[in-house]
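One structure is given here, and the rest of the page talks about it.
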Amino acid sequence: MSNPTEHDVVAALQSVRQQIIDMANRHGRDPADIQLLAVSKTKPIAAIEAAWSAGQHAFGENYPDEAVDKIMSLQDKAIDWHFIGAIQSRKAAALATHFSWVHGVDRLKVAKKLSDSRPADADPLNICIQVNIDKEASKSGVSPSETLALADECAELPGLRLRGLMAIPAPSTDTVVQRDAFSRLRNLFEQVKSTHTDLDTLSMGMSGDLDSAIAEGATIVRVGTAIFGARDTRA
Ligand SMILES: *Cc1c(COP(=O)(O)O)cnc(C)c1O
46 MSNPTEHDVV
56 AALQSVRQQI
66 IDMANRHGRD
76 PADIQLLAVS
86 KTKPIAAIEA
96 AWSAGQHAFG
106 ENYPDEAVDK
116 IMSLQDKAID
126 WHFIGAIQSR
136 KAAALATHFS
146 WVHGVDRLKV
156 AKKLSDSRPA
166 DADPLNICIQ
176 VNIDKEASKS
186 GVSPSETLAL
196 ADECAELPGL
206 RLRGLMAIPA
216 PSTDTVVQRD
226 AFSRLRNLFE
236 QVKSTHTDLD
246 TLSMGMSGDL
256 DSAIAEGATI
266 VRVGTAIFGA
276 RDTRA
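Every letter in the sequence shown is one number past the one before it in this note's numbering, and letter 182, counting from 1, is 227.
Written out as structure tokens, the structure reads:
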């Protein structure tokens, strides 16, 4: 380990993995049901390679141009790329071409574009519907009351495979508040799943609210800072 950055990423990754196992056990869950998505936005390719060498094969990115550059540079590695940023409709084709998952689907127009642009020789694009669980004016996401209708529409699109729901609750350090938001998302998920029985993904939990998300049933946790360190403030 001549490169100190590499060493830091690998050690932090191992620590996050252990935390997920401990949290799962504490909340009576099987750690194998929780997938760690390493959020590498703004971080260099060397950091992704370091995590990859330590067995991390799913990465999350937020900015389409940056992400596509990284995906092209790392083509020789088997990586599951998840797009977790806000989706601009003019970028939908690039996302549908380069990613295997898109977590932030919150309107039919974007869902249709993703479906239409998915290459014919690829498996359907895995998607999560983003829910604006705390009804924040500033945040993207479909409102809870409109989630089922959007799920019905997305499920009909041939280029997509609807996997579940995703949310970014209003920031809070209070675990009671954190768990309340995640439990509302889980309830909504159960409701949607009663008609869409093959849903299997609840994408929730980041560095600051991991324990609450795991307690409330997260199946994908999206962790950036705790693995790769703080980002520049612009991100
Ligand atoms: C940046 C980001 C994350 C990771 O957040 P950290 O606090 O750095 O763990 C997770 N999810 C989404 C949607 C993000 O934009």
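Every residue gets a Cβ at the ideal spot worked out from N, C-alpha and C, and that includes glycine. Computed from a predicted structure; not experimentally measured.
Option nearest residue i by Cα separation, candidates the options
{"i": "D166", "options": "K136, N70, E181, P203", "result": "P203"}
{"i": "I124", "options": "S134, A103, I132, K115", "result": "A103"}
{"i": "H143", "options": "G253, E111, T240", "result": "E111"}
{"i": "L153", "options": "P76, V61, C199, A83", "result": "C199"}
{"i": "S257", "options": "G209, R224, I272", "result": "R224"}
{"i": "D277", "options": "Q133, K88, D121, D219", "result": "K88"}
{"i": "N177", "options": "A212, A92, A275", "result": "A212"}
{"i": "D121", "options": "S98, V150, K136, G105", "result": "S98"}
{"i": "E191", "options": "V237, D168, A215", "result": "V237"}
{"i": "K158", "options": "M68, F227, I79, I132", "result": "I132"}
{"i": "A196", "options": "V54, I174, P216, A69", "result": "I174"}
{"i": "T308", "options": "G253, T242, M249, L205", "result": "A question about residue 308 goes unanswered here, because the residues of the chain that appear run from 46 up to 280."}
{"i": "L170", "options": "I66, E201, S183, A182", "result": "E201"}
{"i": "S60", "options": "A83, R163, G73, I116", "result": "A83"}
{"i": "D239", "options": "D75, L193, G250", "result": "The sequence shown places Ser at residue 239, rather than the Asp named in the question. Ranking the options by Cα distance to S239, first place goes to L193."}
Three-state secondary structure assigned by DSSP to residue i
{"i": "E106", "result": "strand"}
{"i": "A83", "result": "strand"}
{"i": "L255", "result": "helix"}
{"i": "L207", "result": "strand"}
{"i": "Q120", "result": "coil"}
{"i": "T240", "result": "helix"}
{"i": "N70", "result": "helix"}
{"i": "F128", "result": "strand"}
Residues of its chain near residue i, where Cβ-Cβ distance is below 7 Å and the 5 sequence neighbours each way are ignored
{"i": "N107", "result": "K86, I129, G130"}
{"i": "G262", "result": "R231, L247"}
Counted within 10 angstroms of its Cβ, other Cβ atoms place residue i as buried (16 or more) or exposed
{"i": "S118", "result": "exposed"}
{"i": "S160", "result": "buried"}
{"i": "A260", "result": "buried"}
{"i": "D151", "result": "buried"}
{"i": "A280", "result": "With a pLDDT of only 49 at A280, under 50, the local geometry of the prediction cannot be trusted, and the value read off the model is given with reservation. Classification of A280: exposed, given that the 10 Å Cβ count is below 16."}
{"i": "G186", "result": "buried"}
{"i": "V221", "result": "exposed"}
{"i": "R135", "result": "exposed"}
{"i": "A137", "result": "buried"}
{"i": "R71", "result": "exposed"}
{"i": "D168", "result": "exposed"}
{"i": "A226", "result": "buried"}
Cutoff 8 Å; reference residue i; Cβ partners in own chain excluding five residues on either side
{"i": "R229", "result": "I178, P189"}
{"i": "A57", "result": "A271, I272, F273, G274"}
Cβ shell of residue i (< 6 Å), same chain only, five flanking positions each side left out
{"i": "L140", "result": "F128, V147"}
{"i": "P216", "result": "none"}
At least 3 beta-carbon pairs within less than 8 Å: the segment 229 to 244 vs the segment 264 to 276: no
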